[in-house]
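Student: Chains A and B are the protein sequences, given in the same order. By the numbering used here, the letter at position 145 of the first sequence is numbered 145, and the numbering carries on one by one without gaps. By the numbering used here, the letter at position 49 of the second sequence is numbered 49, and the numbering carries on one by one without gaps.
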Amino acid sequence: MSALDRVFRGRGLGQERPLAAIIAGLWRNGEQGVWYDVEAHRDTWNSVGTELLTGAWTFSPGISGNSSAMAFASSTNGAAAMPISAVSGKVYKVTFEITSYTSGSPQVIIGQGVGVPIPTPASLGARELTVTAGSVDGIFRIYAGVVGVGGTYSIRNLSVKEWTGQSLCSLYQDTAGTLPAPMPGQGQVDPPVGLLLDRRLAASTANIASGAAWSALNSTVSSATLPSTATSTASSGVFGFTIAGFFNASRINKWWAVDVQWSGNSGGGSVVAQCGNTYTTLGSSTTGTITFYVYPTTASAVAIYTVSSAVGQQLTVGMVSIRERPGNHAFQATTTSRPTLSARYNICTSTENVAAWTKVNGDTGSVPVITPDAGLAPNGTMTADRCVMERGSGNTSAAFSLVYTGGNFSIATQSIRSVWLKSYSGAPQSVLLYDGSQAVGRVVSVTADWQQFFVIGGTASTGTSLVIGTRGGDPGTYYASGGQQSLDLLVWGIDIRAANDGVGLPPYQRVVDASTYDTVGFPLYLRFDGVDDWLQTGNVDFSGTDVVTMATAYRKLSDAAVGEIFALSGNPTTSSGTFGFYTPESANGTAAAVFFARGASSIISGQRLGAAPISCVAGGWVSISMPYMRYGINQGSSLTSSAATGGGNFGNYPLYIGRRSGTSFPFNGRLYSLIIRGTATPDATIAQVERHLNQKARIY
Amino acid sequence: MTIWTHRTIIVPDAVVVPARMACEALAGSGGSGMYTVPLSPTGELPVTHWVSSGVIDQDFAALLPTKAYSPETDSWVTEQSNSSILEDLCTQAGVPYEVISQVLLLSDISTQSAEEALSRLGLKLVQSNEG
């Protein structure tokens, strides 16, 4: 059962029901919900996942118990520890319940990975963390508190399983849903997303094409019902099967799942399916089976046909199934206007290929000599490059031998720079690390063991780099001086990312190029380019309610122009019964969040500030009849408003995501999740949903 | 399997109508709704150009003359595309090739991001005053 299932299981409806039935109930009761979760593109849940906490616990002083019930009363940051079988880089699901809390900032670590803080421990109840295993020492640890400070709290029902996630939606590259969006970073351009199909609304409706009588289209047919063979009666044009007026007024403006199976295509041309005013190319093979999705908006026929180049050509169709796919699935027909699915955080490329970096030398310094794949890297692969740098006798800053690489952000950003270094010779070496554009650097001591060194600081900038090597001058007075005269190093895994981009993410992301990079442990997001990317749904009927609950996780990457993340209606500030979300609210504005709603006459809204780049999880609700609004970002204090709205209920409009009405205010940034629910939701539940979204987006 | 590639296409206002019609005729629904983002040197009206930026089918991208940076000349040069294939497609789609070739001649097509392309050409998004 997913965390979202637990959150909404019966909440607000007073009884226990599984989520799918709750959604069905929402439709029947006139409430509407829209749920999009980019994170859900991962694997499906393994409902019987193997429990990894099967060994014996060892406890630091002040900690006792077992997986079922464990108490922390430690004055230092001791841990409860158990050996587990974990793979470095793999993601694990850690679940438990906090039953009491007094003090401490507990966190969880698998192997020697990055500690994942337990968010808001003072809020008792269930927790679900996704934790990436670090370089393996094979031990799961849960700490009492941070370094030097303990903690007092208790937990129960602690579980660690291999993480696989519930697919809440299917992502497709095209609006017809024939091309699934692959996992990004796998050697192709980050896939465009033309259709977000909510998988929880399964196609269990009746096949309205079952037993239908098909007419001949420029052909003769062997049978009025399928299976049937159409034989072309003309040497040009199209031929096949059709049913006039099939997509009538009651069938348009809805989503349909269409299955077509054909077993004969003598002409070899593309087989096309017309559903109302939508045309989907199925393929040109002799036989084929395909499922696709259509959203016809104009009443018209259904037809299956191909191009005729001679009389007597034949097309044999075995089956056509047309089932309604309830729900308001987001789509984008224009290929250049589709957001892209991505998980890129490290702005460098060739992160394990030092030969591709820039090599420079000055005065008595020599050009660095790179030997690729000369040593075992921290991840156990033979991908660490040997780097020999000689400064020579020069002792001014003009004498240097350096390697470097970097990248650019779309907006001035503070960055975290890191690289793994190890002495090739085995002897300790002092090495200079710095960012030339940021006037920040340090001299580090490299040993015979791998260490990940960080250079943090400097002002926000669009360009940043990490320089490694040796340079003359006084390291005490100049950030870019230092390092011993001769260096012989193994270098691996450079990583430069925004300082405020994600919490608890793996500290290194391998990037070969813009299309090829590791994604495990890195939250997925849809990237909206701030120019022309957007999605829309069909009309979502909120007319039965005056209350809307929303929760969304996103990252704002520009303040240059108004960005609308979502809005009900293409005219949300002038139409009645609308709501929406801006970031920023104006050109050169700094609002991190503006949630607004409009009743019959006026707008109620609230703003939270935060200049780009900034990541947020926003959650709250609004009633235009009360009127009242309450929402917050990043678990901060809630903003409330009682501004008059003119009352009424919300309307029946399309939901636009990423750009108002598809024509203005393009959002520049990332969208991780979006949940909209047309009913009141308890504040505690909203907070739980926000925690759920944050666990996926890793924003705080 | 569709192979996608990124293009930023900037079209002068004078030819945006035939550009939109041609894209829809040649690329179907995927080519509809293009060039809807207005540009100008000042970011204010009047609009001088329109832009679409995103991924397109690599086969289609190969038909578009694309600008690339030449280090030798320190300038942006246009790489030639297969005009004969494009002419055939125009004929099949009923789109006058001479109109398309003129649109392509006046347009700026590159692999840059929209921000980079706009910066190179000295153009800005035209902002709406509505809030």
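For glycine and all other residues, C-beta sits at the position ideal for the given N, C-alpha and C.
1. At which residue ranges does the stretch 215-256 of chain A contain complete beta strand (DSSP E) runs of 3 or more residues, listed in the order of the chain?
2. In chain order, what residues of the same chain have a beta carbon less than 6 Å from the beta carbon of A/Gly65, not counting five sequence neighbours either side?
3. Just to confirm my understanding: we take A/Gly502, look at its own chain, exclude 5 residues before and 5 after, and list those with CB closer than 6 Å. What are they?
4. Could you name the residues that DSSP lists as bridge partners for B/His6?
5. Check whether the Cβ of B/Met34 lies closer than 9 Å to any Cβ atom in chain A.
6. Could you check whether the Cβ of A/Pro666 sits closer than 9 Å to any Cβ belonging to chain B?
7. Check distances from the C-beta atoms of the stretch 336-368 of chain A to those of chain B and list, in chain order, the residues that come in under 9 Å.
8. Looking at A/Val317 and A/Gly240, is the spacing between their C-beta atoms short of 9 Å?
9. What is the DSSP secondary structure of B/Ser113, counted as helix, strand or coil?
10. By Cβ distance, which residues of its chain are closer than 8 Å to A/Gly589, with the 5 residues on each side in sequence left out?
11. According to DSSP, what are the bridge partners of A/Asn668?
12. Does A/Thr645 pass the burial test, meaning 16 or more other C-beta atoms within 10 Å, or should it be called exposed?
13. Thinking just about the alpha-carbon of each residue, which of A/Tyr656, A/Ala301, A/Thr297 and A/Ala299 is nearest to the one in A/Gly570?
14. With 8 Å as the C-beta to C-beta threshold (strictly closer), list the residues of the stretch 71-97 of chain B near chain A in chain order.
15. Within a Cβ cutoff of 7 Å, which residues of the same chain sit near B/Ala27, ignoring the five residues on either side of it in sequence?
16. Looking at A/Ala299: is its Cβ nearer than 9 Å to the Cβ of A/Phe247?
17. Assuming A/Thr470 contacts A/Leu421 (C-beta within less than 8 Å), just tell me the rounded distance between them.
18. Applying the 10 Å Cβ sphere with the 16-neighbour rule, what's the burial state of A/Ala21?
19. Measure how close the beta-carbons of A/Ser401 and A/Arg527 come, nearest whole angstrom, since I'm counting them as under 8 Å.
20. Below 9 Å on C-beta distance, what does A/Val529 contact in chain B?
21. Inspect the beta-carbon positions of A/Asn328 and A/Thr537 and report whether they are closer than 9 Å.
22. DSSP has A/Asp259 in a bridge; who is on the other side?
23. From the DSSP output, which residues share a beta bridge with A/Ala680?
24. Determine, using beta carbons only, whether A/Arg417 and A/Gly194 come nearer to each other than 9 Å.
25. Is A/Phe453 helix, strand or coil by DSSP?
26. Which residue from A/Phe522, A/Pro61 and A/Ala86 puts its Cα closest to that of A/Ser75?
27. Throw me the rounded Cβ distance for the A/Val388 and A/Pro368 pair, which I believe falls under 8 Å.
28. Taking Cβ-Cβ distances shorter than 7 Å, what residues in chain B pair up with A/Val189?
29. Can you give the Cα-Cα distance for A/Ala303 and A/Cys275, rounded to whole angstroms?
30. When you compare only the Cα positions, how much space is there between A/Asp518 and A/Val94?
31. Return yes when the Cβ of A/Gly436 is within less than 9 Å of the Cβ of A/Val467, no when it is not.
32. Would you call the stretch 375-382 of chain A and the stretch 391-398 of chain A touching, i.e. three or more CB-CB distances under 8 Å?
33. Look at the Cβ atom of A/Phe566, then the Cβ atom of A/Leu693, and state whether they are nearer than 9 Å.
34. For A/Thr334, which residues in chain B fall below 7 Å Cβ to Cβ?
35. Consider the Cβ of A/Val87: report whether some Cβ of chain B lies at a distance smaller than 9 Å.
36. By alpha-carbon positions, which one of A/Asp449, A/Arg344 and A/Thr280 ends up nearest to A/Gln509?
Tutor: Taking the coordinates as given:
1. 215-217, 219-221, 228-232 and 238-247
2. Within the first sequence, residue 65 of chain A is the residue found at index 65, counting from 1. The answer, listed in chain order, is Ala71.
3. Your numbering for residue 502 of chain A matches position 502 in the first sequence. For A/Gly502, where only same-chain residues beyond five positions count, the Cβ hits under 6 Å are Arg698.
4. Translated into the one-based positions of the second sequence, residue 6 of chain B becomes position 6. Note: B/His6 sits in a beta bridge opposite B/Val55.
5. Taking the first residue of the second sequence as position 1, residue 34 of chain B is located at position 34. Yes, because at least one Cβ of chain A sits closer than 9 Å to the Cβ of B/Met34.
6. For the purposes of this step, residue 666 of chain A is taken as the residue at position 666 of the first sequence. It does; some Cβ of chain B falls within 9 Å.
7. Thr336, Ser337, Arg338, Pro339 and Thr340
8. Here residue 240 of chain A corresponds to residue number 240 of the first sequence, with the count starting at 1. Here residue 317 of chain A corresponds to residue number 317 of the first sequence, with the count starting at 1. Their beta carbons are under 9 Å apart, which means A/Gly240 touches A/Val317 by this criterion.
9. Here residue 113 of chain B corresponds to residue number 113 of the second sequence, with the count starting at 1. Coil.
10. What you label residue 589 of chain A is simply residue 589 of the first sequence in a count that begins at 1. If we look at A/Gly589 and ignore the five residues flanking it on each side, its Cβ neighbours are Asp559 and Val562.
11. For the purposes of this step, residue 668 of chain A is taken as residue 668 along the first sequence, with counting starting at 1. DSSP output for A/Asn668 lists A/Asp529 as bridge partner(s).
12. The count along the first sequence starts at 1 and reaches residue 645 of chain A at position 645. The residue is buried, with at least 16 neighbouring Cβ atoms inside 10 Å.
13. Within the first sequence, numbered from 1, the residue matching residue 570 of chain A stands at position 570. The shortest C-alpha separation from A/Gly570 is found at A/Tyr656.
14. Along the stretch 71-97 of chain B, there is no position whose C-beta sits under 8 Å from a C-beta of chain A.
15. Position 27 of the second sequence holds residue 27 of chain B. Within the same chain, B/Ala27 has close Cβ partners Phe60.
16. If you number the first sequence from 1, residue 299 of chain A lands on position 299. If you number the first sequence from 1, residue 247 of chain A lands on position 247. Contact flag set, yes.
17. Residue numbering aside, residue 470 of chain A sits at position 470 when the first sequence is read from its first letter. Residue numbering aside, residue 421 of chain A sits at position 421 when the first sequence is read from its first letter. Between A/Leu421 and A/Thr470 the Cβ distance is about 13 Å, and since that is not below 8 Å, they are no contact.
18. In the first sequence, the residue the question calls residue 21 of chain A occupies position 21. Note that A/Ala21 scores 41 on pLDDT, short of 50, meaning its location in the model is unreliable; the coordinates nonetheless yield the value given after this. With fewer than 16 other Cβ atoms within 10 Å, it is exposed.
19. Against the first sequence, residue 401 of chain A aligns to sequence position 401. Against the first sequence, residue 527 of chain A aligns to sequence position 527. 38 Å between Cβ atoms; not a contact.
20. The count along the first sequence starts at 1 and reaches residue 529 of chain A at position 529. According to the sequence provided, residue 529 of chain A is Asp. The question's Val does not apply to it. Per Cβ cutoff of 9 Å: Ser53, Gly54, Ser113, Ala114 and Glu115.
21. As a first step, residue 328 of chain A must be located in the first sequence, where it is residue number 328. As a first step, residue 537 of chain A must be located in the first sequence, where it is residue number 537. A contact, by the Cβ cut-off of 9 Å.
22. Taking the first residue of the first sequence as position 1, residue 259 of chain A is located at position 259. A/Asp259 is bridged to A/Thr291 and A/Ser321.
23. Counting from 1 along the first sequence, the entry for residue 680 of chain A is found at position 680. Paired residues: none, contrary to the question.
24. Locating residue 417 of chain A in the first sequence gives position 417, where the first residue counts as 1. Locating residue 194 of chain A in the first sequence gives position 194, where the first residue counts as 1. Going by C-beta atoms, A/Arg417 is not nearer than 9 Å to A/Gly194.
25. Start at 1 with the first residue of the first sequence, and residue 453 of chain A comes out as number 453. In the structure shown, A/Phe453 sits in a strand (DSSP, three-state: E or B).
26. The residue labelled residue 75 of chain A in the question sits at position 75 within the first sequence. If we check each option's Cα against that of A/Ser75, A/Pro61 comes out closest.
27. As a position in the first sequence, residue 388 of chain A is number 388, starting the count at 1. As a position in the first sequence, residue 368 of chain A is number 368, starting the count at 1. Sure, about 7 Å apart at Cβ, within 8 Å.
28. Position 189 of the first sequence, counted from the first residue, corresponds to residue 189 of chain A. Those are Trp4, Thr5, His6 and Val55, listed as they occur along chain B.
29. Here residue 303 of chain A corresponds to residue number 303 of the first sequence, with the count starting at 1. Here residue 275 of chain A corresponds to residue number 275 of the first sequence, with the count starting at 1. Roughly 7 Å between the two C-alpha positions.
30. Taking the first residue of the first sequence as 1, we reach residue 518 of chain A at position 518. Taking the first residue of the first sequence as 1, we reach residue 94 of chain A at position 94. Their backbone Cα atoms lie some 22 Å apart in a straight line.
31. Working through the first sequence from its first residue, we reach residue 467 of chain A at position 467. Working through the first sequence from its first residue, we reach residue 436 of chain A at position 436. Yes, the Cβ-Cβ distance between A/Val467 and A/Gly436 is below 9 Å.
32. no
33. Stepping through the first sequence from its first residue, residue 566 of chain A is reached at position 566. Stepping through the first sequence from its first residue, residue 693 of chain A is reached at position 693. No; because the gap between Cβ atoms is not below 9 Å, this pair is not in contact.
34. Taking the first sequence and counting its residues from 1, the one referred to as residue 334 of chain A is at position 334. The contacting residues are Gly30, Ser32, Gly33 and Met34.
35. The count along the first sequence starts at 1 and reaches residue 87 of chain A at position 87. Cβ-Cβ to chain B under 9 Å: no for A/Val87.
36. As a working note, residue 509 of chain A is residue 509 in the first sequence. Answer by Cα proximity: A/Arg344.
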